[in-house]
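So the structure is just underneath, and the comments pick up after that.
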Amino acid sequence: MTANVEREALARIRLNAVSCMRTDWLLRLIEFYGGASEVLSRSAAELSADGGLSPETAGNFVAGLAAADPHKELEAARRAGVRVLTALDGEFPGLLAKIYDPPLALYVKGELASGRAPVGIVGTRKPTDYGVRSAARLARELAKAGLTVVSGLARGIDTAAHEAAVRSGGLTWAVMGTGLNMVYPAENKKLAERILEGGGAIVSEFPMDDGPLPAHFPRRNRIISGLSYATVVIEGDFKSGSLITAKAALEQGREVLGLPGPVDSVMSRGPNMLIKNGAALVENAVDIIAALPPEAVFGLAPAPRRRKEEDSSGGRLCGLSPDAADARAAISGSEGGLNIDGLVQVFGWPVQRAAAALFELETSALVAQSADKYKSTG
Amino acid sequence: MLSKLRTLGLRGIEGFGIRVEVDIARGLPTYSVVGLPDTGIRESKDRVVAAVRNSGFDFPVKRITVNLAPAEVKKTGTHFDLPIALGILAACGKVKKESAGRLETSVFIGELALDGTLRPVVGVLPMLLSLRKGGARGAVIVPRENAAEAALSGFECLAAGSLMETLDWINGAAELPVCRPGERAPSGAVPGDFCEVKSQAFAKRALEIAAAGGHNVIMIGPPGTGKSMLARRFASILPPLTDEESLEVTKIYSVIGLIKSSSLVTERPFREPHHTISDAALIGGGSNPRPGEVSLAHNGVLFLDEFTEFSRPAIECLREPLESWKVTVSRVKETVVYPARCLLVAAMNPCPCGYLGHDVRECSCTPLQVHKYRAKVSGPIMDRIDLHLQLSPIRFADWEARPAGESSRTIGERVAAAMAVQRARFKNSGAGANAFMGIRELREHCRLPAGASGLLETAMNKLGFSARSLDKMLKIARTIADLEGAPELEKRHLIEAMQYRALDKAAELVA
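First to last, the sequence lines map onto chains A and B. Per the numbering used here, the very first residue in the first sequence carries number 1465; after that it's consecutive. Per the numbering used here, the very first residue in the second sequence carries number 264; after that it's consecutive.
Quick look at the structure:
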């Protein structure tokens, strides 16, 4: 890297550290002056005259720049095993570079250059069972097909998507709304580690020590869609972060897909509306892959094969005992799952018999216990 | 003049012999009690003085020394009033020479009122039972109101109404009535019956297993799922107390003065302390140690509702009693051991708001809150709880339905049969019930049926059970087999047992 490029990169990291919330404006300034280091050399008066800032804002901006220390930031990143990429790096994701307001700096932990096309999966933090189940299934199918699952590591759908991708041995990227020195929400710390162990990545545009400010998350969403060829909205109400991501994807010229849901489910109002307005309807990974541009699909690397028992559910069904088959039908036919008492009531079995059927289903991974109920996993 | 008398003291729930020595000498008038008396005993001075005067005697204006021997043991209680007063009277010659033998061999217990009448005291039964070991020779005098309780000890005791009556008896001037056992009062409360609990077949089955094998239980479920209702009926499926158990329970209740109608406690204790209870009140303690709730639940059920709301120290204190069935309260001057063989039934909500997993109501807790809430119950305590029980809200159809299902009596018969099997099995070892099997007993009595190792391996790998939870499962399976009367473990017993270890499963992804 030549000294010039290095200086320019440092300048961008400095700009990003001061005002990453106004990337589009910074990018305009950089273009106007012909480089980030040029921007740094301007006085407040010049910036205010050329950039259309009020003298006061420009003053604050210049003062902030003087106080910022990109070397310290780089040092903090290095200590955490994080690389800081700018558009000048070859490693900076090409898709993200193409959007209207790509981040000036991208903090990356893990590996982005896998050659597996990224697809975003987003949704509400308060999903229904259907949403969690579907997000997990789609993520699993995508990972197995050799795509990368991109999401935001938030609670609910994001967690389900990351989790499923990691579990099926696939790649997944988490785009954070905080600096990489923390994981928000904290309960996903372990998940973040497993994402990295699985060869995935955790990225953020925010300086290392930034906390989870509310304003961060809508901006984070544009990176999820910006990194991805397509974005799938699983669940979300009209005014939700998922729809912000969908909107960003559309502005970036990326494909938006929606998972249809019951018309009386509040959480499906968002995706249903998107589908009504022309978004592609998703039933399975094939629908998603069909919506990807050719260069994304070309050369899809097959994901590592998974263990035999986790093959398609058709294979798993053969060996079930009649009781287990009955119980499975009852559980998947019920709303919100059944517990042992439910089975006892439906079939009039003694507790022991219901227990045996559930054990069989649970060990074949056809149902899973969540709180007090057994729910269908397929 | 010197006089010597016998009385009894209490250490924990065991009695021991005490000699009261009274010396009256010439000198400046003083009155001192030595021999590690507590404040209650020092106060007896004023009661004794008034009682002696009001019984028609002059209180000696001399140097009075009362010694309670053995002097190195701390003594507590108000029942020393009577022997001290008698000692003083004897020392100033109010007891005839020929009655001196009677005075020295008898045992006196009683608190004095200022007018000289006798008041009832606590701990009469355990104190008298200690005489069994010591081999009593003389008579035993207790306050009239303790007569029925004293009769439970099996000793022939005499009931006195006042200081004067006692003195007259010593001097041979009057007779005292012999204590008779009280009427066995029918228990006032009609315990609930299991058939009143609607649906919840799974929970009832789990409690049956818990009762049969002595397993501790934790119930997790939203409000209104019948946790408390089930727990309150739990004692109804336990077999009645044996005579020996009954006596043990009565001793504990006697120490804290909780004996109702002066008869033996015949019902299984059911204790339900509030979650604001202090750790000392829960397991016992205090500067004058008293038994806590775990000991009051001895041979019965300790129900801790809202388990996570109990203070952390209180919950942690339960470790010892749950492991060793006793509580040791250690103080600088003494160490007291209370029995505490109780079955723990804990109940908690699934999350702070209570509605996690509810069909209709929405849970407003974050996963982190839920995690923190559950983490309040520490691993070591959960290790001592064998059965995990997740309850679901009762549906309208069940609420509407007429209660049906087995009565407590039917279930209780099965439980009693399974307990008998266990008693026979463990007659040569200390376990007593399946829940308390050690590793060696586990290997001996819970041999895996053919083909079951594959089953357990699947459980471990697929459902995330740990080696420890497999051991717990074996114990539960053993109890299930005992309820069936099956001599050997079978696969189905193991499979059912897994249902009661829900919390051991690998943490599922929580939405």
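Ideal Cβ placement from N, Cα and C applies to all residues, glycine included. Owing to the predicted nature of the structure, the values given are computational and were not obtained by experimental measurement.
>> Along the region 475-486 of chain B, where does the CB come closer than 7 angstroms to a CB of chain A? Name the residues.
In response: Gly484
>> My parser needs the alpha helix (DSSP H) runs of 4 or more residues fully inside the region 1495-1537 of chain A; what are they?
In response: 1500-1504, 1508-1515 and 1519-1531
> Under a Cβ-count criterion, where at least 16 other Cβ atoms within 10 Å of its own Cβ denotes burial, should B/Ile702 be classed as buried or exposed?
Replying inline: Numbered from its first residue, the second sequence carries residue 702 of chain B at position 439. So B/Ile702 ends up on the exposed side.
> Start and end of the beta strand (DSSP E) containing B/Leu650?
Replying inline: Start at 1 with the first residue of the second sequence, and residue 650 of chain B comes out as number 387. Taken as a continuous stretch (DSSP letters only), the beta strand (DSSP E) holding B/Leu650 covers Leu650 to Gln653.
> Relative to chain B, which residues along the region 1698-1721 of chain A have a C-beta separation below 8 angstroms, given in chain order?
Replying inline: none
> Does the Cβ-Cβ distance between A/Leu1606 and A/Val1583 come in under 8 angstroms?
Replying inline: Position 142 of the first sequence, counting from 1, holds the residue named residue 1606 of chain A. Position 119 of the first sequence, counting from 1, holds the residue named residue 1583 of chain A. Against a cut-off of 8 angstroms, the Cβ pair of A/Val1583 and A/Leu1606 comes out as a contact.
> What is the C-beta distance between B/Pro323 and B/Ile351, in whole angstroms, given that I count them as a contact (C-beta under 8 angstroms)?
Replying inline: Translated into the one-based positions of the second sequence, residue 323 of chain B becomes position 60. Translated into the one-based positions of the second sequence, residue 351 of chain B becomes position 88. With a Cβ gap of about 7 angstroms, B/Pro323 and B/Ile351 count as contacting.
> Can you give, in chain order, each stretch of the alpha helix (DSSP H) that sits fully within the region 1578-1637 of chain A and has at least 4 residues?
Replying inline: 1593-1609 and 1621-1631
>> Can you pull the chain B neighbours of A/Arg1733, defined as C-beta to C-beta under 9 angstroms?
In response: Counting from one through the first sequence, the residue named residue 1733 of chain A turns up at place 269. Neighbours of A/Arg1733 on chain B: none; closest Cβ ~17 angstroms, over 9 angstroms.
> Over what stretch of residues does the beta strand (DSSP E) that includes A/Thr1827 continue unbroken?
Replying inline: For this step, residue 1827 of chain A is matched to residue 363 along the first sequence. Where A/Thr1827 is concerned, there is no enclosing beta strand (DSSP E), although the alpha helix (DSSP H) it sits in stretches over Val1815 to Thr1827.
> In whole angstroms, what separates the C-alpha of B/Ser729 from that of B/Ile483?
Replying inline: Your numbering for residue 729 of chain B matches position 466 in the second sequence. Your numbering for residue 483 of chain B matches position 220 in the second sequence. For B/Ser729 and B/Ile483, the distance between alpha carbons rounds to 21 angstroms.
> Taking Cβ-Cβ distances shorter than 7 angstroms, what residues in chain B pair up with A/Pro1757?
Replying inline: On the first sequence, position 293 is the one that residue 1757 of chain A refers to. By Cβ distance, chain B contributes nothing, its closest Cβ being about 32 angstroms from A/Pro1757, past 7 angstroms.
> Any Cβ of chain B within less than 8 angstroms of the Cβ of A/Asp1805?
Replying inline: Taking the first residue of the first sequence as 1, we reach residue 1805 of chain A at position 341. It does; some Cβ of chain B falls within 8 angstroms.
> What number of angstroms, rounded off, separates the C-alpha of A/Val1720 from the C-alpha of A/Arg1471?
Replying inline: Within the first sequence, residue 1720 of chain A is the residue found at index 256, counting from 1. Within the first sequence, residue 1471 of chain A is the residue found at index 7, counting from 1. Taking the straight line from one Cα to the other gives about 38 angstroms.
>> Which same chain residues end up closer than 7 angstroms to A/Glu1747 when comparing Cβ atoms and leaving out the 5 residues on each side of it in sequence?
In response: Mapped onto the first sequence, residue 1747 of chain A falls at position 283. Taken in chain order, the list of residues that qualify is empty.
> Exposed or buried, what is B/Leu291 when buried is set at 16 or more other beta-carbons lying within 10 Å of its beta-carbon?
Replying inline: For the purposes of this step, residue 291 of chain B is taken as the residue at position 28 of the second sequence. Exposed, by the Cβ-count rule.
> Hey, B/Ala255 and B/Ser425: beta-carbon distance below 8 angstroms or not?
Replying inline: Look at the range of chain B in this structure, 264 to 774, and you will see that residue 255 of chain B is not part of it.
> Whose CA, out of B/Leu299, B/Leu268 and B/Thr429, lies closest to the CA of B/His354?
Replying inline: The residue given as residue 354 of chain B occupies position 91 in the second sequence. The sequence as given places Ala at residue 354 of chain B; His does not occur at that position. Ranking B/Leu299, B/Leu268 and B/Thr429 by Cα distance to B/Ala354 puts B/Leu268 first.
>> Using a Cβ-Cβ cutoff of 7 angstroms, what residues of the region 755-768 of chain B are near chain A? List them in chain order.
In response: Arg755, Ile758, Glu759, Met761, Gln762, Ala765 and Lys768
>> Is the beta carbon of B/Ala698 closer than 8 angstroms to that of B/Tyr767?
In response: Taking the second sequence and counting its residues from 1, one reaches residue 767 of chain B at position 504. Taking the second sequence and counting its residues from 1, one reaches residue 698 of chain B at position 435. A small fix is needed here, since residue 767 of chain B is Asp in this sequence, not Tyr. It is not a contact, given that the beta carbons lie outside the stated cut-off.
> What are the residues of the region 1611-1645 of chain A that lie near chain B, defined by any Cβ-Cβ distance shorter than 7 angstroms?
Replying inline: Arg1619, Gly1620, Thr1623, Ala1624 and Glu1627
> Is the beta carbon of B/Ala348 sitting closer than 8 angstroms to the one on B/Leu377?
Replying inline: What you label residue 348 of chain B is simply residue 85 of the second sequence in a count that begins at 1. What you label residue 377 of chain B is simply residue 114 of the second sequence in a count that begins at 1. No, these two residues do not count as a Cβ contact at 8 angstroms.
> In its own chain, which residues sit with a C-beta less than 6 angstroms from the C-beta of A/Ala1500, not counting the 5 before and 5 after it?
Replying inline: Counted from its first residue, the first sequence places residue 1500 of chain A at position 36. Hits under 6 angstroms: Glu1472, Ala1475, Arg1476, Leu1479 and Ile1494.
>> I'd like the span of the alpha helix (DSSP H) that includes B/Asp456, first residue to last.
In response: For the purposes of this step, residue 456 of chain B is taken as the residue at position 193 of the second sequence. Run containing B/Asp456: none; DSSP gives neither H nor E here.
>> Taking contact to mean 3 or more Cβ pairs, one atom from each stretch, closer than 8 angstroms, check whether the region 470-481 of chain B and the region 646-661 of chain B are in contact.
In response: yes
>> Quick check: B/Leu391 and B/Phe418, are their CB atoms within less than 8 angstroms of each other?
In response: Numbered from 1 along the second sequence, position 128 holds the residue referred to as residue 391 of chain B. Numbered from 1 along the second sequence, position 155 holds the residue referred to as residue 418 of chain B. Yes, they are a contact pair.
> With C-beta atoms as the reference, is A/Thr1642 less than 8 angstroms away from A/Gly1664?
Replying inline: Working through the first sequence from its first residue, we reach residue 1642 of chain A at position 178. Working through the first sequence from its first residue, we reach residue 1664 of chain A at position 200. No, Cβ-Cβ distance for A/Thr1642 and A/Gly1664 is not below 8 angstroms.
> Any idea if B/Arg400 is buried or exposed, counting beta-carbon neighbours within 10 angstroms, 16 or more meaning buried?
Replying inline: By one-based count along the second sequence, residue 400 of chain B stands at place 137. That one is exposed.
> Hey, is B/Thr673's beta-carbon within less than 8 angstroms of any beta-carbon in chain A?
Replying inline: The count along the second sequence starts at 1 and reaches residue 673 of chain B at position 410. No, no contact with chain A.
> Buried or exposed: where does A/Glu1537 fall if 16 or more other Cβ atoms within 10 Å of its Cβ makes it buried?
Replying inline: The count along the first sequence starts at 1 and reaches residue 1537 of chain A at position 73. Burial call: buried.
> Within 10 angstroms of its Cβ, does B/Ser593 collect 16 or more other Cβ (buried), or is it exposed?
Replying inline: Residue 593 of chain B sits at position 330 when you count from the first residue of the second sequence. Its Cβ having fewer than 16 others within 10 Å, B/Ser593 is exposed.
> Are the beta-carbon atoms of A/Ala1749 and A/Ala1609 separated by less than 8 angstroms?
Replying inline: Here the question's residue 1749 of chain A lines up with position 285 in the first sequence. Here the question's residue 1609 of chain A lines up with position 145 in the first sequence. Going by C-beta atoms, A/Ala1749 is nearer than 8 angstroms to A/Ala1609.
>> Short of 8 angstroms Cβ to Cβ, which residues in the region 634-658 of chain B face chain A?
In response: His634, Gln653, Leu654 and Ser655
>> If distances are taken between C-alpha atoms only, which option among B/Ala680, B/Leu388, B/Leu737 and B/Cys626 comes closest to B/Ile758?
In response: Indexing the second sequence from 1 puts residue 758 of chain B at position 495. B/Ile758 has its Cα closest to that of B/Leu737, out of B/Ala680, B/Leu388, B/Leu737 and B/Cys626.
> How should B/Gly693 be labelled, buried or exposed, when 16 other C-beta atoms within 10 angstroms of its C-beta is the threshold for buried?
Replying inline: Numbered from 1 along the second sequence, position 430 holds the residue referred to as residue 693 of chain B. Burial call: exposed.
> Terminal residues of the continuous alpha helix (DSSP H) containing B/Gly642?
Replying inline: Mapped onto the second sequence, residue 642 of chain B falls at position 379. Looking at the DSSP string, the run of the alpha helix (DSSP H) that includes B/Gly642 is Gly642 to Asp646.
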